[in-house]
Amino acid sequence: MSFLRSADVGYRRFLMTDRILDIQNLKTYFHTQEGVIRAVDGVYLSVRRRKALGIVGESGCGKSITSLSVLQVIPSPGRIVDGRVLFYPEAESDRPVDLAQLKRHGRELRRIRGKDISLVFQEPMVALSPVYTVGNQIIEALRLHEPHSKRRARELAVEMLDKVGIPNPDVMVDRYTFELSGGMRQRALIAMALVCGPKLLIADEPTTAIDVTIQAQILDLIRSLQTDMDMSVMLITHDLGVIAEMVDDIVVMYLGKVVESGSLHDIFDRASHPYTVALQRSIPRFQRRGQPLEVIRGNVPDPYTRPQGCEFAERCPKAMNRCFQDKPAMAEVGDRHSAKCFLFTDEVESAPGREANVR
Amino acid sequence: MSDNVRQPMLELINLRKYFPVKKGFFRRHVADVKAVDGVSFSLYEGETFGLVGESGCGKTTLIKNIVGALRPTSGQILFTDAGGQTHDIARADRERIEAIRRDIQMIFQDPFSSLNPRMTVQDIIGEPLLVNEGKGRRASRARVAELMELVGLNPELLRRYPHAFSGGQRQRIGIARALALDPKLLLADEPTSALDVSVQAQILNLFMRLQRELNLSYIFISHDLTVVQHISDRAAVMYVGHIVETAETERLYVSPKHPYTEALLSAVPYPHPDVKKKKVVLKGGAADPQLLPAGCPFHPRCPYVEALCSTRFPSLEEVTESQQHWSACHYADSLSLRGLDTLEESAGS
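Sequence order for the protein chains is L and B. Those letters in the first sequence? Residues 9 to 367, per the working numbering, in order. Those letters in the second sequence? Residues 1373 to 1721, per the working numbering, in order.
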């Protein structure tokens, strides 16, 4: 495999421990009238079994599209143009399913969606239907995948609502979603996602629209369910605080690429990529009250033009001449910790493979 | 601090805003939503007062009353203008409110919906000048350019439309518009909530610089405790229409005297993995302002609840051991609550 360059070998070896999901060189592009938006542009990442991976980045970095690409629920006109999304349902020794190769509306993918891999979205009011009761929606999800009788499915739905901490589940099961508070809706959505006992839960900003005290409850819930149900979790958020509490591994994304990946402590204690460092410094902290915050100069460039060199060079405080010409390769900076920056490697990112036929 | 000597520029006295709930064919008045229920505080010149609380706690209703967009049910809003004259906004007539509004401006949360997409930046920032001083495009151009520079925008872009700007730049446009009439007080309602952290840092820095340069006062609303902590001199925590605790920011965060403040502080995810906090996870959601429980509105969720809490309403009282620190808890003096300081130490870095 051509993408297995020497610099990545150490990191890859670590990942060879049991992975449940392995994304390789994923590219999801949006072909629009104005041009091509490379929302996800060659992403590599892995989720370890029973562990939680956090994807961090600012708006427009492609973190959500990466997660939506896993189950091919990308909004139109987005489409996976390259790469592999290898899913290992049982163990990594098994033959993986390449989710990117499956037909978007095909039976195989539909069987996995909601059963083996579930999604929880940011806006529960958008993700839930207002014309069906909470129970109906959970029962639908359940009976789609498992042949339960209606009565049994209802029992399981009530059980699930109880598990996610909704009070009076046997009453709430017949409520419509607009009758619930924000926190309760998010719980209902989580119940729906978990009712089939998925092996991997993808949560896209699950607590962003929610108040902090309720957020604390929801995060607690996801964590305890993760252990109870032996799940792996892929958590997408812009909130480094949430990440610090929830995950084992982190990838940091910028402009459709992973710029740094490592364990939780690697990223927080030994952040290497200038973007990760800058991102952390821009958060207000208690010790530095009232002092100017460090800022990342400039803005995220518009989505149609991609810089020739490193994506972050324009805004990088450490940019060198070559950063504006070449794109750096992912380099190992520690055990299971890598960063995509010329500070750590001289290697250039491997030539774009099939990119020519995209334009 | 010479706060107690100075005359407050804004003083709220027992402010209430009830929204009637009407039901049935005759639209009978059946109940009240007590969005703001007896709030008092003072704001001094050049000061930033932070207001924290969860959605529905009445923060936004409160500042809408201050700017005169909503008329309070009862209470006083005393505002002292540049000439030293004090007006009660709660009882002022329309003309007076319009005059006062030049001194009090708002900044909104959503930089996308708060700017008219059909107006150029010049027209947006110049609109207050047109409305209040009758200055047309030509007359206001120099001032608009000056304002753009003040907030860190390139004045050459003044013919562009809002869609050409990023979220952070749009928020700067909103700030420039608010500054057009040289206000004394800015009411900022979640001004950075829609922004990415790196952009949020830019905007917070801008707020701090403008305050120094223009001697502005801020009331800064946010649900994000780290933001309020960073920018405020004093802060208040609101819970369903009441201020439950207020103090100097540092004191409030280090030694909270209300269980709700403690819970809020512990619920904020701290951006470092070594800070393993003992979390106070509250039961249930915020109380419904239409069906407030008897006694302390927080008592159904409070981990330290006692019998007294469900019968007697606690008023905001000064804490004995801590000066300039008020808490609406019957047990403020006896509870020992955890603040942020103890958490930082446990981080060990």
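Cβ atoms here follow ideal geometry from the backbone N, Cα and C, with glycine treated the same way.
Following the continuous beta strand (DSSP E) through B/Ser1414, name the residue where it begins and the one where it ends. Residue 1414 of chain B sits at position 42 when you count from the first residue of the second sequence. For B/Ser1414, the enclosing beta strand (DSSP E) begins and ends at 1400-1415.
I want to see whether chain A comes within less than 7 Å of B/Asp1568, judged by CB atoms only; does it? Looking at the structure shown, chain A is missing, and the protein chains on hand are L and B.
Minimum Cβ-Cβ distance from B/Ser1565 to chain L less than 7 Å: For this step, residue 1565 of chain B is matched to residue 193 along the second sequence. Chain L has no Cβ within less than 7 Å of the Cβ of B/Ser1565.
Could you name the residues of the region 1376-1401 of chain B whose beta carbon sits closer than 7 Å to any beta carbon of chain L, in the order they occur along the chain? Answer in chain order: no residues at all.
Could you give the DSSP three-state label for L/Ala321: helix, strand or coil? Position 313 of the first sequence, counting from 1, holds the residue named residue 321 of chain L. Helix at L/Ala321.
Counting only the same chain and skipping the five closest in sequence on each side, list residues whose C-beta sits under 8 Å from that of L/Gln80. Within the first sequence, numbered from 1, the residue matching residue 80 of chain L stands at position 72. Answer for L/Gln80: Ile88, Leu107, Ala108, Leu110, Arg112, Leu117, listed in chain order.
With burial defined as no fewer than 16 other Cβ atoms inside 10 Å of the residue's Cβ, what is the status of B/His1401: buried or exposed? As a first step, residue 1401 of chain B must be located in the second sequence, where it is residue number 29. By the neighbour-count definition (other C-beta atoms within 10 Å, threshold 16), B/His1401 is an exposed residue.
Tell me the DSSP secondary structure of B/Tyr1703 in three-state form. Translated into positions along the second sequence, residue 1703 of chain B becomes position 331. Three-state DSSP puts B/Tyr1703 in coil, outside helix and strand.
Going by C-alpha distance, which of L/Ala135, L/Ser240, L/Ala149, L/Asp182 is nearest L/Ala99? Taking the first residue of the first sequence as 1, we reach residue 99 of chain L at position 91. That would be L/Ser240, whose Cα lies nearest to the Cα of L/Ala99.
Cβ-based contacts, 8 Å cut-off: residues of the region 199-229 of chain L near chain B: Those residues of the region 199-229 of chain L that come within reach of chain B (Cβ to Cβ, closer than 8 Å) are Asp219, Val220, Thr221, Ile222, Gln223, Ala224, Gln225, Leu227, Asp228.
What residues match up with L/Val55 in a beta bridge as DSSP calls it? By one-based count along the first sequence, residue 55 of chain L stands at place 47. DSSP, once it has assigned bridges, lists L/Leu29 as partnering L/Val55.
Considering Cα atoms alone, identify which of B/Gln1696, B/Phe1480, B/Leu1588, B/Ser1446 is closest to B/Gly1410. Looking up residue 1410 of chain B in the second sequence gives position 38. Just measuring C-alpha positions, the residue of B/Gln1696, B/Phe1480, B/Leu1588, B/Ser1446 sitting nearest B/Gly1410 is B/Ser1446.
Could I get the ranges of all uninterrupted alpha helix (DSSP H) runs contained in the region 1641-1707 of chain B, with 4 residues as the minimum, in chain order? Within the region 1641-1707 of chain B, no complete alpha helix (DSSP H) run reaches 4 residues.
How about B/Glu1521: is its C-beta nearer than 7 Å to some C-beta of chain L? Taking the second sequence and counting its residues from 1, the one referred to as residue 1521 of chain B is at position 149. Taking a beta-carbon distance threshold of 7 Å, B/Glu1521 does not count as an interface residue toward chain L.
So that I know if they touch, is there some Cβ in chain L lying closer than 7 Å to that of B/Thr1633? In the second sequence, residue 1633 of chain B corresponds to position 261, counting from 1. For B/Thr1633, the closest Cβ of chain L is not nearer than 7 Å.
Take L/Gly264 as the anchor and find which of L/Thr221, L/Gln223, L/Ile275, L/Thr313 has the nearest alpha-carbon. Position 256 of the first sequence, counting from 1, holds the residue named residue 264 of chain L. Of the listed residues, the one whose Cα sits closest to L/Gly264 is L/Thr313.
The region 1585-1600 of chain B touching the region 1549-1564 of chain B, judged by at least three CB pairs closer than 8 Å: The count of Cβ pairs closer than 8 Å, one atom from the region 1585-1600 of chain B and one from the region 1549-1564 of chain B, reaches three, so the stretches are in contact.
What number of angstroms, rounded off, separates the C-alpha of B/Met1491 from the C-alpha of B/Tyr1533? Along the second sequence, one-based indexing puts residue 1491 of chain B at 119. Along the second sequence, one-based indexing puts residue 1533 of chain B at 161. Within the model, the alpha-carbon separation for B/Met1491 versus B/Tyr1533 is close to 6 Å.
Comparing alpha-carbon positions, which option in L/Pro311, L/Asp102, L/Cys318, L/Arg323 lies nearest L/Arg305? Locating residue 305 of chain L in the first sequence gives position 297, counting from the first residue. That would be L/Arg323, whose Cα lies nearest to the Cα of L/Arg305.
Below 8 Å on the Cβ atoms is my contact criterion, and I expect L/Leu34 with L/Ser77 to pass it. Report the Cβ-Cβ distance as a whole number of Å. As a position in the first sequence, residue 34 of chain L is number 26, starting the count at 1. As a position in the first sequence, residue 77 of chain L is number 69, starting the count at 1. Right, the Cβ-Cβ distance comes to about 6 Å (below 8 Å), so this counts as a contact.
Looking at the structure shown, is L/Ile210 part of a helix, part of a strand, or coil, going by DSSP? Your numbering for residue 210 of chain L matches position 202 in the first sequence. L/Ile210: strand per DSSP, three-state reduction.
When the distance is taken between beta carbons, is L/Arg27 closer than 7 Å to L/Ser54? As a working mapping, residue 54 of chain L is identified with position 46 in the first sequence. As a working mapping, residue 27 of chain L is identified with position 19 in the first sequence. Yes, Cβ-Cβ distance for L/Ser54 and L/Arg27 is below 7 Å.
Using DSSP bridges, identify the partner residues of B/His1459. Counting from 1 along the second sequence, the entry for residue 1459 of chain B is found at position 87. According to DSSP, which records beta bridges pairwise, B/His1459 is partnered with B/Phe1451.
I believe B/Gln1494 touches B/Arg1531 by the beta-carbon criterion, under 8 Å. Please report the beta-carbon distance rounded to the nearest angstrom. Along the second sequence, one-based indexing puts residue 1494 of chain B at 122. Along the second sequence, one-based indexing puts residue 1531 of chain B at 159. Confirmed, Cβ separation roughly 6 Å.
Just the C-alpha distance for B/Cys1674 and B/Thr1683, rounded to the nearest angstrom, thanks. Working through the second sequence from its first residue, we reach residue 1674 of chain B at position 302. Working through the second sequence from its first residue, we reach residue 1683 of chain B at position 311. Rounded to whole angstroms, B/Cys1674 and B/Thr1683 show a C-alpha spacing of 14 Å.
Taking 7 Å as the cut-off, decide whether the C-beta atoms of L/Asp212 and L/Ser72 are in contact. Your numbering for residue 212 of chain L matches position 204 in the first sequence. Your numbering for residue 72 of chain L matches position 64 in the first sequence. If you check the CB distance, L/Asp212 and L/Ser72 come in under 7 Å.
Determine, using beta carbons only, whether B/Leu1553 comes closer than 7 Å to chain L. The sequence position of residue 1553 of chain B within the second sequence is 181, counting from 1. Interface flag for B/Leu1553 against chain L is unset, since no Cβ pair is found closer than 7 Å.
Just by C-beta distance, which residues in the region 1578-1602 of chain B are closer than 7 Å to chain L? When C-beta distances to chain L are compared with 7 Å, the residues of the region 1578-1602 of chain B below that value are Met1580, His1595, Thr1598, Val1599, Gln1601, His1602, in chain order.
Hey, how far is the Cα of B/Gly1422 from the Cα of B/Ile1438? Taking the second sequence and counting its residues from 1, one reaches residue 1422 of chain B at position 50. Taking the second sequence and counting its residues from 1, one reaches residue 1438 of chain B at position 66. Each residue's Cα considered, the two are about 15 Å apart.
Once the 5 residues before and after L/Met9 are set aside, which same chain residues still bring their CB inside 7 Å of it? Looking up residue 9 of chain L in the first sequence gives position 1. In this predicted model, L/Met9 has a pLDDT of only 41, less than 50, meaning its place in the structure is not dependable; the value taken from the coordinates is given anyway. Result list for L/Met9: empty, nothing under 7 Å.
Closest by C-alpha distance to L/Leu243, when choosing among L/Met237, L/Arg231, L/Val44: On the first sequence, residue 243 of chain L is found 235 positions in, with the first residue counted as 1. Of the candidates L/Met237, L/Arg231, L/Val44, the one whose C-alpha sits nearest the C-alpha of L/Leu243 is L/Arg231.
Could you say if the region 1632-1639 of chain B and the region 161-176 of chain L meet the contact criterion of at least three C-beta pairs nearer than 8 Å? Between the region 1632-1639 of chain B and the region 161-176 of chain L there are fewer than three C-beta pairs closer than 8 Å, too few to call the two in contact.
Candidates L/Ala161, L/Met261, L/Pro214, of which the one nearest L/Ser126 by Cα: Stepping through the first sequence from its first residue, residue 126 of chain L is reached at position 118. Of L/Ala161, L/Met261, L/Pro214, the residue nearest in Cα terms is L/Pro214.
Roughly how many angstroms lie between the CA atoms of L/Leu23 and L/Gln223, to the nearest whole one? Residue numbering aside, residue 23 of chain L sits at position 15 when the first sequence is read from its first letter. Residue numbering aside, residue 223 of chain L sits at position 215 when the first sequence is read from its first letter. With a pLDDT of only 49 at L/Leu23, under 50, the local geometry of the prediction cannot be trusted, and the value read off the model is given with reservation. Looking at the two C-alpha atoms, the distance is approximately 31 Å.
Looking at L/Thr284 and L/Val260, is the spacing between their C-beta atoms short of 7 Å? Indexing the first sequence from 1 puts residue 260 of chain L at position 252. Indexing the first sequence from 1 puts residue 284 of chain L at position 276. Yes.
Just curious, the beta strand (DSSP E) that B/Gly1396 is in, first and last residue? The sequence position of residue 1396 of chain B within the second sequence is 24, counting from 1. According to the DSSP assignment, B/Gly1396 belongs to no beta strand (DSSP E), since it is labelled neither H nor E.
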